[in-house]
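Okay, so here's the structure we're looking at.
In this note's numbering, the protein residues as written are 11 to 270.
Set out below in structure tokens:
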């Protein structure tokens with residue numbers, strides 16, 4: 011892997027074969043470190059992958075357009091976060107499991123005052139979820155279900171019975187994205203990571219709640235009608251972000267853009 015941006019005196023020269031030198035997990039953790047947060051501050055970043063022609067999925071899943079290094083960065087971003095925020099449809103399609111503790115990040119998480127693994131927070135209006143899955147019955151830290159105040163009472167009770175913690179972040183059945191961010195931060199989950207899917211990311215974008223986008227550009231073309239990384243109604247004025255980091259390996263570009 012090599013760093014394309016920002017270019018500094020410490021930027022390593024590209025090896026003859028970029029595959030000859032894989033970055034260590036510590037190097038990846040430094041490259042993707044959260045900014046320092048003051049009292050009451052929080053930071054929401056998204057991690058998504060897209061093909062060259064804009065597809066966020068192939069056959070309904072992101073894995074076919076990903077790669078080995080992309081998955082290492084995926085794991086690193088999770089290991090740095092307090093909470094992983096994900097939409098219910100993505101939980102169903104991708105077969106989400108609880109985040110696991112990783113020895114390679116244990117000291118770093120302890121120094122940051124974090125638990126052994128990030129919590130998973132599932133955003134859902136209907137609570138149409140299988141609460142017998144390990145995501146709810148056997149996580150290292152309780153899974154959170156983020157929903158509205160008018161969510162179906164029987165489904166809320168079933169979530170609680172399964173061991174999930176219910177977070178109310180909306181006055182009706184739906185979830186207010188900006189309020190969800192604030193509610194999670196109020197629980198001490200200030201370093202936030204969303205893995206989509208596209209509809210949830212679109213809601214965060216529309217609410218101007220997203221601070222950073224970590225986007226992997228996959229050197230693939232799929233055509234078809236797959237979703238973009240962000241869906242839903244367009245914003246009145248496009249949000250402008252500034253590039254923070256660009257890495258490259260095996261034709262994949264690993265980019266990070268932050269709010270200006």
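Built from N, CA and C at the ideal position, the CB exists for glycine as well.
Going by CA-CA distance only, name the one from 65, 119, 175 and 207 that's closest to residue 141.
Numbered from 1 along the chain shown, position 131 holds the residue referred to as residue 141. Taking only the C-alpha atoms, the option nearest residue 141 is 175.
According to DSSP, simplified to helix, strand and coil, what is residue 26?
What you label residue 26 is simply residue 16 of the chain shown in a count that begins at 1. Note that residue 26 has pLDDT 49, beneath the 50 cutoff, so the model's placement of it is unreliable and no number is given.
Measure the C-alpha to C-alpha separation of residue 228 and residue 101 and round it to an integer number of angstroms.
The residue labelled residue 228 in the question sits at position 218 within the chain shown. The residue labelled residue 101 in the question sits at position 91 within the chain shown. Residue 228 and residue 101: Cα-Cα distance of roughly 22 Å.
In three-state terms, what does DSSP make of residue 100?
Within the chain shown, the letter at position 90 stands for residue 100. Of the three classes helix, strand and coil, the one that applies to residue 100 here is helix, per DSSP.
Which of the three DSSP states, helix, strand or coil, is assigned to residue 143?
Sequence index remark: in the chain shown, residue 143 carries index 133 (1-based). Reduced to three states, the DSSP call for residue 143 is coil.
Per the contact definition of three or more C-beta pairs closer than 8 Å, is the region 112–123 in contact with the region 144–154?
With the cut-off at 8 Å, the region 144–154 and the region 112–123 do not touch.
Just to confirm my understanding: we take residue 186, look at its own chain, exclude 5 residues before and 5 after, and list those with CB closer than 7 Å. What are they?
Translated into positions along the chain shown, residue 186 becomes position 176. Excluding residues within five positions, the ones whose Cβ falls inside 7 Å are 179 and 180.
Report the option in 147, 166, 93 and 159 whose CA atom is closest to the CA atom of residue 130.
Working through the chain shown from its first residue, we reach residue 130 at position 120. Per the Cα distances, 93.
Quick one, are the C-beta atoms of residue 61 and residue 183 less than 8 Å apart?
Here the question's residue 61 lines up with position 51 in the chain shown. Here the question's residue 183 lines up with position 173 in the chain shown. No.
For residue 133, count neighbouring Cβ atoms within 10 angstroms of its own Cβ and tell me buried if that reaches 16, exposed if not.
Looking up residue 133 in the chain shown gives position 123. Residue 133 comes out buried.
Rounded to a whole number of angstroms, what is the C-alpha to C-alpha distance between residue 128 and residue 245?
The count along the chain shown starts at 1 and reaches residue 128 at position 118. The count along the chain shown starts at 1 and reaches residue 245 at position 235. Whole-angstrom Cα-Cα distance: 31 Å.
Quick one, are the C-beta atoms of residue 59 and residue 226 less than 8 Å apart?
In the chain shown, residue 59 corresponds to position 49, counting from 1. In the chain shown, residue 226 corresponds to position 216, counting from 1. Result yes, Cβ atoms of residue 59 and residue 226 sit closer than 8 Å.
Which of helix, strand or coil does DSSP assign to residue 37?
Along the chain shown, read from residue 1 onward, the residue named residue 37 stands at position 27. In the structure shown, residue 37 sits in a helix (DSSP, three-state: H, G or I).
So, using beta-carbon positions, are residue 262 and residue 105 closer together than 8 Å?
Translated into the one-based positions of the chain shown, residue 262 becomes position 252. Translated into the one-based positions of the chain shown, residue 105 becomes position 95. No, Cβ-Cβ distance for residue 262 and residue 105 is not below 8 Å.
Expressed to the nearest angstrom, what Euclidean distance is found between the alpha-carbon atoms of residue 40 and residue 34?
As a first step, residue 40 must be located in the chain shown, where it is residue number 30. As a first step, residue 34 must be located in the chain shown, where it is residue number 24. When rounded, the distance between both Cα atoms is 10 Å.
Ends of the alpha helix (DSSP H) at residue 116?
Taking the chain shown and counting its residues from 1, the one referred to as residue 116 is at position 106. Where residue 116 is concerned, the enclosing alpha helix (DSSP H) stretches over 113–121.
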